[in-house]
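Numbering (this note's numbering), first residue to last: 167 to 241. This report refers to the structure that appears directly beneath it.
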């Protein structure tokens, strides 16, 4: 039997709380209700994908702003 590997490990484990907060903020902006218990297994795939896509967009935007603010990075 093959062993399963969890690929959802964070590069920075201390970011868990911030990412969860971002998830709830994005869901609220999109008008998507996240269950009180936090279990998203019964959520529609379309809604979960919408939340994930918007989180990714926002994280890329944050990274671009951070890189643009650092000296030594020029495009």
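From the three backbone atoms N, C-alpha and C, an ideal C-beta is built for every residue, glycine too.
- Taking the CB atoms as reference points, tell me whether residue 193 and residue 199 lie closer together than 9 Å. One-based indexing of the chain shown puts residue 193 at position 27. One-based indexing of the chain shown puts residue 199 at position 33. Against a cut-off of 9 Å, the Cβ pair of residue 199 and residue 193 comes out as a contact.
- Query: Is the distance from the Cβ of residue 225 to the Cβ of residue 188 below 9 Å?
  - Reply: If you number the chain shown from 1, residue 225 lands on position 59. If you number the chain shown from 1, residue 188 lands on position 22. Closer than 9 Å, so yes.
- Item | Test item: CB-CB of residue 220 and residue 196 under 9 Å | One-based indexing of the chain shown puts residue 220 at position 54. One-based indexing of the chain shown puts residue 196 at position 30. Going by C-beta atoms, residue 220 is nearer than 9 Å to residue 196.
- DSSP on residue 175, reduced to helix/strand/coil? Stepping through the chain shown from its first residue, residue 175 is reached at position 9. Three-state DSSP puts residue 175 in coil, outside helix and strand.
- Query: Cα separation between residue 178 and residue 205?
  - Reply: Numbered from its first residue, the chain shown carries residue 178 at position 12. Numbered from its first residue, the chain shown carries residue 205 at position 39. Taken atom to atom, the span from the alpha-carbon of residue 178 to that of residue 205 is near 22 Å.
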